[in-house]
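*Asks:* Quick one: the structure is below, and I'll ask about it shortly.
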Amino acid sequence: MIDLIFAFFHFFLLLGILVYAFYSLFQGNTFKFAVIIVLLTGYYFITLHKNVKKEILRKKKKKT
Numbered sequence: 004m005i006d007l008i009f010a011f012f013h014f015f016l017l018l019g020i021l022v023y024a025f026y027s028l029f030q031g032n033t034f035k036f037a038v039i040i041v042l043l044t045g046y047y048f049i050t051l052h053k054n055v056k057k058e059i060l061r062k063k064k065k066k067t
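In terms of the working numbering, the sequence shown opens at residue 4 and continues consecutively.
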């Protein structure tokens, strides 16, 4: 149960940061937008990408 709560909290936190980045872009602050997007992309590839790929493979194996 704790893992599910942590996952949803993490997801909504990342979604909020992404919304803030686009809000900054619409306000005309392209530098802030670029920095946030670069950092989110780096965070994804450093921490999440390997686990996301594992989960996709696990679900594909479960389907067949």
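Beta carbons are placed, not taken as given, at the ideal position from N, Cα and C, and that holds for glycine.
How many Å lie between Phe34 and Thr67 at the Cα?
*Replies:* Rounded to whole angstroms, Phe34 to Thr67 spans 46 Å at the Cα level.
*Asks:* Using DSSP with H/G/I as helix, E/B as strand and the rest coil, what is Gly31?
*Replies:* In the structure shown, Gly31 sits in coil (DSSP, three-state: anything other than H, G, I, E or B).
*Asks:* Look at the Cβ atom of Ala24, then the Cβ atom of Phe12, and state whether they are nearer than 9 Å.
*Replies:* It is not a contact, given that the beta carbons lie outside the stated cut-off.
*Asks:* Could you give the C-beta distance for Ile20 and Leu43, rounded to a whole number, given that I count them as a contact under 8 Å?
*Replies:* Yes, they are in contact, since the Cβ atoms of Ile20 and Leu43 sit about 6 Å apart, within 8 Å.
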